[in-house]
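**Q** For the sequence shown, our numbering assigns the number 1 to the initial residue and increments by one for each residue that follows.
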Amino acid sequence: MGLFVQLFAFDVIGEVTFSKRFGFMDMGSDNDFFAQVEDVLRSGAWWRQIPALYWTHDFLSPVIGNHFSVTAHHGRLRDFASQAIEDRKTHGSDHQDILAKWLEVQKQRPNEMNDANVLSMATTNISAGSDTTAISTRPVIFHLLKNPELVEDIDTQTKEVKLTKPITLEQTNHMPYLQACLYEGLRLHPAVGMSLPRVTPRGGVEIDGHFIPEGTVIEANPWVVCRNTEIFGDDVEAFRPKRWLKTGDMGVAFLCFVLPTLANKNVL
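This is how it looks when you write it as structure tokens:
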């Protein structure tokens with residue numbers, strides 16, 4: 001099931017980005033794309049933390065070889081994105097997908113958005129978007145299968161909401177228990193395992209009693225933040241969606257959850 005969740009995620013990302021599926025669900029195979037995504041993400045994890053490592057390793061790799069996938073490139077992912085962009089520019093389309101939005105921005109501000117920028121974002125959307133979507137979906141399914149009584153609660157709420165086909169975002173927003181299950185899955189298994197750097201604002205900021213000057217790069221690891229017992233209670237390792245249905249302090253908990261995991265990201 002885990003494999004098909006990722007196959008599905010890839011096809012969905014292809015659809016929302018290019019209005020073009022990869023066809024992985026039909027084949028029941030990733031055609032070796034997943035291994036390349038893993039290399040790209042491993043590479044990004046290294047040079048995001050140590051930017052100079054990329055250029056140093058890229059220069060030395062012909063002699064020392066490619067270690068830790070530091071110089072991994074997108075390869076076939078980039079080829080797929082490039083072909084999709086070329087087809088769109090050649091034949092046009094009425095689809096209002098993500099690529100259409102990028103091309104519209106490029107048309108309005110060509111000096112700020114060139115072809116290389118569009119290709120880079122499209123390729124990143126495939127690799128990072130599909131992987132994080134699959135990672136975020138799997139733990140929710142896993143814990144619901146382990147706790148069938150929770151599925152009954154979702155089913156009860158589903159019957160209270162008049163759902164259409166396809167189900168709309170507005171409809172799911174009126175299903176708080178389903179939302180709570182999604183939040184709890186993301187809390188227990190954040191899609192991003194590494195810290196995401198941010199820069200402190202002008203004038204600096206005080207964090208936990210310590211003053212951090214402006215312009216300082218700071219990070220918060222989502223796996224650590226999402227297991228903070230002061231925020232989520234002593235049962236942080238338990239899948240308990242109802243913790244999100246509480247009022248008051250859970251508003252703060254949601255900010256603590258969402259800021260280190262989703263902030264500064266485009267979430268689909």
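Backbone N, C-alpha and C define an ideal beta-carbon position, used for all residues, glycine too.
Going by C-alpha distance, which of 217, 64, 196 and 195 is nearest residue 205?
**A** Along the sequence shown, one-based indexing puts residue 205 at 205. Nearest option by C-alpha distance: 217.
**Q** When you compare only the Cα positions, how much space is there between residue 176 and residue 241?
**A** Counting from 1 along the sequence shown, the entry for residue 176 is found at position 176. Counting from 1 along the sequence shown, the entry for residue 241 is found at position 241. Distance between the alpha carbons of residue 176 and residue 241 is about 10 Å.
**Q** Skipping 5 residues on each side, what residues in its chain have a beta carbon closer than 8 Å to that of residue 5?
**A** Locating residue 5 in the sequence shown gives position 5, counting from the first residue. Here the set comprises 134, 137, 138 and 141.
**Q** Just list the residues that DSSP pairs residue 212 with in beta bridges.
**A** By 1-based counting over the sequence shown, the position of residue 212 is 212. For residue 212, which the question treats as bridged, DSSP gives the partners 205.
**Q** Give me the Cα-Cα distance between residue 243 and residue 153, rounded to the nearest whole angstrom.
**A** Within the sequence shown, residue 243 is the residue found at index 243, counting from 1. Within the sequence shown, residue 153 is the residue found at index 153, counting from 1. Their backbone Cα atoms lie some 15 Å apart in a straight line.
**Q** In chain order, what residues of the same chain lie with their CB nearer than 8 Å to the CB of residue 111, ignoring the 5 residues before and after it?
**A** The residue labelled residue 111 in the question sits at position 111 within the sequence shown. Within the same chain, residue 111 has no close Cβ partners at all.
**Q** Looking at the secondary structure, which residues open and close the alpha helix (DSSP H) in which residue 133 lies?
**A** Walking along the sequence shown from the start, residue 133 turns up at place 133. 130-146 is the span of the alpha helix (DSSP H), which, as asked, contains residue 133.
**Q** Indicate the three-state DSSP secondary structure (helix, strand or coil) for residue 50 in the structure shown.
**A** Your numbering for residue 50 matches position 50 in the sequence shown. Coil at residue 50, not helix or strand.
**Q** From residue 113 to residue 107, what distance separates their C-alpha atoms?
**A** For the purposes of this step, residue 113 is taken as the residue at position 113 of the sequence shown. For the purposes of this step, residue 107 is taken as the residue at position 107 of the sequence shown. The alpha-carbon atoms of residue 113 and residue 107 are separated by roughly 8 Å.
**Q** If you measure between the beta carbons of residue 36 and residue 75, is that distance less than 7 Å?
**A** By 1-based counting over the sequence shown, the position of residue 36 is 36. By 1-based counting over the sequence shown, the position of residue 75 is 75. Result yes, Cβ atoms of residue 36 and residue 75 sit closer than 7 Å.
**Q** Quick one: does residue 150 have its CB under 7 Å from some CB of chain C?
**A** The structure shown contains no chain C; it holds only a single protein chain.
**Q** Is DSSP giving residue 21 helix, strand or coil here?
**A** Stepping through the sequence shown from its first residue, residue 21 is reached at position 21. Coil.
**Q** I'd like to confirm the pairing. Which residues does DSSP put opposite residue 217 in its beta bridges?
**A** Looking up residue 217 in the sequence shown gives position 217. Residue 217 pairs with 199.
**Q** According to DSSP, is residue 125 helix, strand or coil?
**A** Locating residue 125 in the sequence shown gives position 125, where the first residue counts as 1. DSSP places residue 125 in helix when its eight states are reduced to three.
**Q** Express the C-alpha separation of residue 222 and residue 194 in angstroms, rounding to a whole number.
**A** Within the sequence shown, the letter at position 194 stands for residue 194. Within the sequence shown, the letter at position 222 stands for residue 222. One C-alpha to the other measures close to 8 Å.
**Q** For residue 151, count the other beta carbons within 10 Å of its own beta carbon; 16 or more makes it buried, fewer makes it exposed. Which is it?
**A** For the purposes of this step, residue 151 is identified with residue 151 of the sequence shown, where counting begins at 1. Exposed: under 16 other Cβ atoms inside 10 Å.
**Q** Roughly how many angstroms separate the alpha carbons of residue 86 and residue 102, rounded to a whole number?
**A** Along the sequence shown, read from residue 1 onward, the residue named residue 86 stands at position 86. Along the sequence shown, read from residue 1 onward, the residue named residue 102 stands at position 102. Using only the alpha carbons, I get a separation of about 13 Å.
**Q** Grab me the residues of residue 19's own chain with a C-beta within less than 7 Å of its C-beta, minus the 5 sequence neighbours each way, in chain order.
**A** Your numbering for residue 19 matches position 19 in the sequence shown. So the list reads 93, 95 and 97, once near-sequence residues are dropped.
**Q** With DSSP run on the structure shown, which of helix, strand or coil describes residue 174?
**A** Here residue 174 is taken as the residue at index 174 of the sequence shown, counted from 1. Here residue 174 sits in coil by DSSP.
**Q** Run through DSSP, which three-state label would residue 181 get?
**A** Reading the sequence shown from its first residue, position 181 is the one you call residue 181. Correct three-state label for residue 181: helix.
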